[in-house]
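Chains as they are written, first to last, in the working numbering: chain A, 2 to 192; chain B, 444 to 854. Ideal placement from N, C-alpha and C gives every residue a C-beta, glycine not left out. The structure presented is a predicted model; accordingly, all values stated were derived computationally and were not measured. Written out below as structure tokens is the structure these notes cover.
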């Protein structure tokens, strides 16, 4: 397999059976990773007719918990009712299984490539707690936008991009637009 | 008919089908991880020009999947009508997309990549993922305040081909060219801002680019199946259903469907506009034959309990309309047996029938001479089911749908 940096330390060879590799392997070359991701996306469409997604699964997990805690509230809210009204089980959906699979796949790949470690990736000038707070905030904002747009980077940009959905292409450019518009003001945070 | 996408639920059962989705998810998560998307610095780097991994991976994936999709569709392996195409809601999409961009640069992930980051124990990824749970919760609690905006500017299933009025192959080729140009630009940015030595980039990427362009050219050359091709593919099955009269429902059955609250009944009237104005069934939509393919695109997005019934004066035009809709993979399509003429004979009151006896009409012509255009202002447009006790042989069954089931992140 072609990797991003061609040199592979000889010492790590033959140690695959160890629980954890001592050296993390380099990431795939972006184009190769893209081809791989594209084939997975194609197979999803080809076999099932559905694309990929992430925020939809998260959404249904949240609704599931809400339905456990406050079933009457769910039954009174039109948006939640669709997924969990009455005896409807919000977890009984293909997107939930894609989401669970995504975590398993990420874990397996991280494990086999020695990238499974507790760490916080952050800009050099940012305290770790600030990074955590920003990550939480960013997640909240991102997920809110993803629900409003009926899909996130996976469910709209990737999935709708490949099927040439007009709305998804607009959303894709809006995501990049929003990111670039704010990037300048956050440059100290990431660099 | 094209064999793909597979009718997974019929093949593997309700939960068995989910195993396929689980495996697809594993492939998705693994690809994201191998691309480096578990690392927020790699993702955020996109917005500072130094590192263009996000753009390269995303657009490579999009164009590869797109080329394979339309290639398999062109050769009749994949039914594109059964592939989920995200419906367009323009303004909620734009606003949501801008908000997502903000979340991306603030948090350094998107929902999918944060799951992968959390699974590989990145603490910032875990915080982001918890944030997505909170954001989704907030949305569910607040959308009721402005849901008219959420459902506004809805255009249904529209593709770039519809927007630009271009054949699919042309759009595919243009998108590939645009992606290759963007890759070139991205590499220039990495050279200038990221001080990267492009000479060390692998040479195979030129071959891959050429291969992709060739694939797009093949898609352009082959073209996508037209309605006529689809009718020919469907013919063996559909002609059998027609000659066995398995899809021609009696007027009495249609009346019972009209009063069945569990069904989403769509009635499509393909007669001439003047006949439609003279008399039509309540809630029947008038549609020209040539618009049926467009109507099919809308029907494909309908809920799973949708039953579509097409009708003409007799059966000839309705039969052709049935062929078109079935060939476009619309599920649960039936036609009114005997047509509107039979409907009137069954449900018009005796005084009307006495005043306007049916005249011998040509094939598929209205047999009743209405003095004025009644439209649906006529008792027979919406007969009282209590007044008619007619036995019929029920033919309508809801088939389980294969293909799109409200997909994407919408799930």
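Counting along the chain, residue 68 of chain A sits inside the alpha helix (DSSP H) bounded by residues 56–70. Between residue 150 of chain A and residue 530 of chain B, the CB-CB gap reaches or exceeds 8 Å. A check of alpha carbon separations from residue 25 of chain A across A:59, A:109, A:49 and A:115 identifies A:115 as the nearest.
By the neighbour-count criterion, in which 16 or more other beta carbons inside 10 Å mark a residue as buried, residue 104 of chain A falls on the buried side. Beyond the five residues adjoining it in sequence on each side, residue 762 of chain B comes within less than 7 Å, by CB distance, of 685 and 778 in the same chain, given in chain order.
The beta carbon of residue 155 of chain A sits closer than 8 Å to some beta carbon of chain B.
The criterion of a C-beta distance shorter than 8 Å is satisfied by residue 553 of chain B and residue 154 of chain A. Any Cβ of chain A closer than 8 Å to the Cβ of residue 749 of chain B would place that residue at the interface, and such an atom is absent.
Neighbours of residue 87 of chain A across chain B, judged by C-beta separation under 7 Å, do not exist; the nearest C-beta is about 15 Å away.
The Cβ-Cβ distance between residue 474 of chain B and residue 34 of chain A falls below 8 Å. In the structure shown, residue 556 of chain B adopts helical secondary structure according to DSSP, grouped into three states. Two segments are said to touch when three or more pairs of C-beta atoms, one from each, lie closer than 8 Å; by this definition the segment 450–467 of chain B does not touch the segment 588–604 of chain B. The segment 74–84 of chain A makes no contact with the segment 180–188 of chain A: fewer than 3 CB pairs, one atom from each, lie closer than 8 Å. Between residue 32 of chain A and residue 478 of chain B, the CB-CB gap reaches or exceeds 8 Å. Taking one beta carbon from each stretch, the segment 536–552 of chain B and the segment 602–609 of chain B have fewer than 3 pairs nearer than 8 Å; the two do not touch. Secondary structure at residue 784 of chain B: helix, using DSSP grouped into helix, strand and coil. For residue 717 of chain B, the uninterrupted alpha helix (DSSP H) segment begins and ends at 716–721.
A Cβ-Cβ distance of about 5 Å is found for the pair residue 601 of chain B and residue 167 of chain A, placing them in contact under the 8 Å criterion. Residue 778 of chain B is bridged by DSSP to B:691 and B:753.
Contact check between the segment 745–762 of chain B and the segment 782–800 of chain B: three or more CB pairs, one atom from each, fall below 8 Å, which counts as touching.
The continuous alpha helix (DSSP H) containing residue 36 of chain A extends over residues 31–49. Between residue 43 of chain A and residue 512 of chain B, the beta carbon gap of about 6 Å places them in contact (Cβ cut-off 8 Å). Close CB contacts of residue 659 of chain B within its chain, under the 7 Å cut and outside five residues either way in sequence, are with 510, 615, 616 and 619 (chain order).
Residues of chain B whose Cβ lies closer than 9 Å to the Cβ of residue 24 of chain A do not exist; the shortest such Cβ separation is about 15 Å.
For residue 708 of chain B, the enclosing beta strand (DSSP E) covers residues 707–712.
Annotation for residue 476 of chain B: the continuous alpha helix (DSSP H) segment containing it runs 451–478. Listed by position along chain A, the residues whose Cβ is nearer than 8 Å to that of residue 477 of chain B are 28, 29, 34, 37, 110 and 114.
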